[in-house]
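Colleague:
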Amino acid sequence: MPVLTRRLVLVALGLVALRGVLPGDLPGGLLLLDGILLVVAAADWLLAPNPASIEIARFAPAVVPLGGEGQVSWRLVNRGNRRVRAEVADELAPSLQAGRRRFAVDLPPRGAATATTRVRPTRRGRFTPTELSVRSAGPLGLTARQARRAVPSILRVYPSFRSRSEAELRVEQARVLEVGLRSAKGRGSGTDFDQLRDYGPDDDHRRIDWAATARTGKPIVRTYRAERNQTIVVLLDNGRVMAGRVGGVPRVEHAMDAVMCVSTVATRLGDKVGMVAFDRTVRAVVPPSARRDHVGRITEAMYDLEPELLESDYRGAFTTTLARFRRRTMLVLLTDLVEQAVGESLLPALPLVARRHLVVVGAVQDPDVVRWATGPAHEPDDVYRKAAAV
């Protein structure tokens, strides 16, 4: 496809200005100058290299965290025997916040060149940039040939794991507590039997194993460790109430961060964790597992979910949970405790799962609401805000 360049426009404007200073009896005047320019431009286009002689590949990272940074690069190879001035325009999504989506490179005969840019995504999801426009200019730069190329790529933007350091701290605290280094009082806590050992002054006499004491002739106590191989299932609400923002971030983003935090702590401590994501329907189900890479599987299942602007069906989600998880499990429901939704949908549905499972409900706390509820009220507006907050 022929393309007129900015240089051609500037030359045409220059000819108009030149015609104004030439003698008035110049045969043909401006029409003659335009004809000459048209012939030169046509020759320039005919001499422009064919874009088909340029091979191009895009290299994008497989995963970039929301708010993080990644690098996208392009490699161009000139398969022709002429030097090429190539211009490329990529269709990277605006929310990827690419440093540039257009660039130009000089390609020597049979040569190659590389261009790079940084992306800083502002939205989660799956991005599939496909088409590129490649333009090769003529020798004079007045015209160019342009073609579109299909260069499919996949770039996934995962939720931001802002609480990663908090999760690591929780894991270390649990391990220190388990081996008894935090305090002597904490030794042997838990309900899973660990071992028998000699009685110590800080031990609870109720844990004396009388049979072992009789056999050895000295006091022996049972020690216990924290429960292992427990099962946790996180229920992620993806409905309308999760689209609201707290601190400028949608509630569902905070909830996804909590899912990754719970999953990290649970799997690192030997427990199984699974996930059910739902709104009007169940969107994703991840079976429980204690594998170290299981957090990645859960993240992969939820990274491209966007809140549906409809009320969530708690009863339907709980019914699916009961069908998939029959053994007693800790269910962690992440939602927003809006009074109307709680009274009309959540509370009537909770007995479905509460009879068989241990249910924990978590919600994002809004700092502004806390400040209104606990702060002083000097003006009428302050009183209204305080009443609404509490």
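For the sequence shown, numbering that gives the first Met the number 0 gives the first residue as 0, with consecutive numbering after it.
Here a beta-carbon is modelled for each residue, glycine too, at the ideal position from N, C-alpha and C.
#1: Could you check if G69 is buried or exposed, using at least 16 other CB atoms within 10 Å of its CB as the buried criterion?
#2: Specify the secondary structure class of L37 as computed by DSSP and reduced to three states.
#3: For L7, which residues of its own chain have a beta-carbon under 7 Å away from its beta-carbon, when the five flanking residues on both sides are left out?
#4: On a Cα-Cα basis, can you pick out the residue from R323, V358, E310 that is closest to G342?
#5: Out of A59, V62, V233, which has the shortest C-alpha to C-alpha gap to A276?
#6: How is the alpha helix (DSSP H) around R147 delimited, first residue to last?
#7: L168: which of A265, R290, L330 sits nearest, CA to CA?
#8: Within 10 angstroms of its Cβ, does F324 collect 16 or more other Cβ (buried), or is it exposed?
#9: Below 8 Å on the Cβ atoms is my contact criterion, and I expect D105 with R82 to pass it. Report the Cβ-Cβ distance as a whole number of Å.
#10: By a C-beta neighbour count over all protein chains shown, 10 Å radius and 16 as the cutoff for buried, is P120 buried or exposed?
#11: Closer than 6 Å by C-beta to L154: which residues in its own chain qualify, once you throw out the five before and the five after it? Chain order, please.
#12: Tell me whether R326 sits in a helix, a strand or coil according to DSSP, three-state version.
#13: What residue range does the alpha helix (DSSP H) around P287 cover?
#14: Can you tell which of L268, V331, Y302 has the C-alpha that lies nearest to the C-alpha of V175?
#15: Please identify the residue among A111, Q194, R161, V285 whose C-alpha is closest to the C-alpha of G67.
#16: Under the three-state reduction of DSSP, which class applies to G216: helix, strand or coil?
#17: Rounded to whole angstroms, what's the CA-CA distance from R206 to R221? Just pull it up for me.
#18: Is it buried or exposed for H204, if we count other Cβ within 10 angstroms and need 16 for buried?
#19: Thinking T320 and V352 are a contact (beta carbons under 8 Å), I'd like their distance in whole angstroms, please.
Modeller: So, from the data block:
#1: G69 is classed as buried because its beta carbon has at least 16 other beta carbons within 10 Å across all chains shown.
#2: Helix, per DSSP.
#3: Answer for L7: A40, L141, T142, listed in chain order.
#4: The option with the nearest alpha carbon to G342 is E310.
#5: Nearest option by C-alpha distance: V233.
#6: Boundaries for R147: no alpha helix (DSSP H) harbours it, while the beta strand (DSSP E) harbouring it runs 142-149, taken from the DSSP string.
#7: Ranking the options by Cα distance to L168, first place goes to A265.
#8: If you draw a 10 Å sphere on the C-beta of F324, you find 16 or more other C-beta atoms in it, and that means buried.
#9: Rounded to whole angstroms, the Cβ separation of D105 and R82 is 7 Å, and the two are in contact under 8 Å.
#10: Its Cβ being crowded by 16 or more others within 10 Å, P120 is buried.
#11: Sequence-distant partners of L154 (beyond 5 residues in either direction) whose C-beta falls short of 6 Å from its own C-beta, in its chain, are A59, F126.
#12: Here R326 sits in coil by DSSP.
#13: Here P287 belongs to no alpha helix (DSSP H); instead the beta strand (DSSP E) covers 281-288.
#14: Nearest of L268, V331, Y302 to V175, Cα basis: L268.
#15: That would be R161, whose Cα lies nearest to the Cα of G67.
#16: Assignment of G216 by DSSP, reduced to helix, strand and coil, places it in the coil class.
#17: Rounded to whole angstroms, R206 to R221 spans 6 Å at the Cα level.
#18: With a 10 Å radius around the Cβ and a threshold of 16 neighbouring Cβ atoms, H204 comes out exposed.
#19: Going by Cβ atoms, the distance from T320 to V352 rounds to 6 Å, so yes, they are a contact pair.
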